[in-house]
Amino acid sequence: MTGRALDGRVAIVTGGGLAAGRAYAAALAAAGARVVVADPLVDAARKTVEAIAVAGGDAVAVELDLLDEASYLAVVESAVGAFGGVDVVVNNPNRYGDTRFTPLAELTVEHWDTTLAVMVRGVMLMCKSALPALAESPHAAIVNHTSSAAYGVRNWLDYGTARGAVISMTKSLAKELAPLGIRVNALSVGSSAIEAMALGVVADEAQMVGTPDFQAQLIPRLAVDEDLAGPIVFLAGDASAYLTGQTVECDGGKYLLG
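Sequential numbering from 17 applies to the sequence shown in our numbering.
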């Protein structure tokens, strides 16, 4: 099949083994990109790659240590070695299975520091590591995953702060990297049961649907993978060529409630 939006592009997706990251990787591959799925959960990354291959796409799995700068550089080297370059970076570093709602009085410095190291420093390190390769691409785009938690969430200060920092980083990077022809945007996702279950903060969809925020949401359903496919392909490709420094809210109207 030819003429797809991302034919010929090479994309790196961090945190691509589970939840939103897996949806991003699959959508980019379906749009024609060759995808490097980077995740500390390398078995999960391999399952993403297997699913992409079954669908006729091209992808490789790479283990990523979210706290090690050298590991991010190795991901870029893998992309260049396997596919010849890097055109798109989707940043989705996450503490899957290791995050929790915690009141401020119980929040430890260790948990706070690790959350920000993974979810904020990890975005910076991936962008820094990929910068030389992106600067050589005529279609360079960075898309940073964030969520509606950035606008305030009770008893989840570390996570919400990290998500807000990613939005701020997106704007700063857009200004800094524009002279290099690199666009930087963020995709903010809300009310995704798959994401919340992967994070370990809810047990099932019923727990999410029962919250007051969800019940007042303008589009009254949980997000599914297909809801993320269009926005991520749009932000990664030429259809958004005049868009940078922006946060696209893909949250069913949840942000408007605040």
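We put the CB at the ideal spot given by N, CA and C, even for glycine.
For residue i, the first and last residue of its enclosing alpha helix (DSSP H)
i, result
"T30", "Here T30 belongs to no alpha helix (DSSP H); instead the beta strand (DSSP E) covers 26 to 30."
"T64", "58 to 70"
"A202", "Premise fails: A202 lies in the beta strand (DSSP E), 199 to 205, not in any alpha helix (DSSP H)."
"M185", "173 to 193"
"K144", "138 to 151"
"P247", "241 to 252"
"G97", "85 to 99"
Short Cβ contact (8 Å threshold) for residue i with residue j
i, j, result
"D267", "G180", "no"
"A54", "V26", "no"
"G138", "L82", "yes"
"S204", "V264", "yes"
"Q233", "K270", "yes"
"N108", "G24", "no"
"V106", "H161", "yes"
"V73", "A98", "With the sequence shown as reference, residue 73 is identified as Gly, and Val is not the correct amino acid for it. Cβ atoms of G73 and A98: not closer than 8 Å."
"A77", "V136", "no"
"L173", "L120", "yes"
"A61", "G253", "no"
"A149", "R199", "no"
Separation of residue j from residue i, as counted between CA atoms
i, j, result
"I117", "A95", "Just to set this straight, residue 117 is Phe in the shown sequence, not Ile. Cα to Cα, F117 sits roughly 36 Å from A95."
"S87", "E93", "10 Å"
"V52", "G32", "9 Å"
"A166", "L80", "25 Å"
"A255", "G261", "15 Å"
"G19", "P154", "17 Å"
"V102", "A67", "22 Å"
"V70", "Y40", "16 Å"
"Y258", "T115", "36 Å"
"E152", "G197", "9 Å"
"V58", "A43", "19 Å"
"A75", "V169", "35 Å"
"T64", "N201", "24 Å"
"D243", "R237", "11 Å"
"H127", "N110", "13 Å"
"V240", "P56", "23 Å"
"S164", "P247", "16 Å"
"F250", "P195", "21 Å"
"S188", "V134", "19 Å"
"N171", "C143", "30 Å"
"E122", "D129", "14 Å"
"V104", "S184", "20 Å"
"M17", "V182", "Because the pLDDT of M17 is 43, which lies under 50, any placement of that residue in the model is unreliable, and the question is left without a value."
Which of helix, strand or coil DSSP assigns to residue i
i, result
"H161", "strand"
"T124", "coil"
"V104", "strand"
"D114", "coil"
"M17", "Low per-residue confidence applies at M17: pLDDT is 43, beneath 50, and the placement is therefore not dependable enough to give any value."
"D23", "coil"
"A255", "helix"
"T260", "coil"
Assumed close pair residue i, residue j - CB separation to whole angstroms, cut-off 8 Å
i, j, result
"Y175", "T124", "So it is not a contact: roughly 14 Å between Cβ atoms."
"L141", "E85", "5 Å"
"L193", "S145", "With a Cβ gap of about 14 Å, L193 and S145 do not count as contacting."
Beta strand (DSSP E) segment containing residue i, residue limits
i, result
"A49", "Looking at the DSSP string, A49 is not in any beta strand (DSSP E), and its letter there is neither H nor E."
"E79", "74 to 79"
"T263", "263 to 266"
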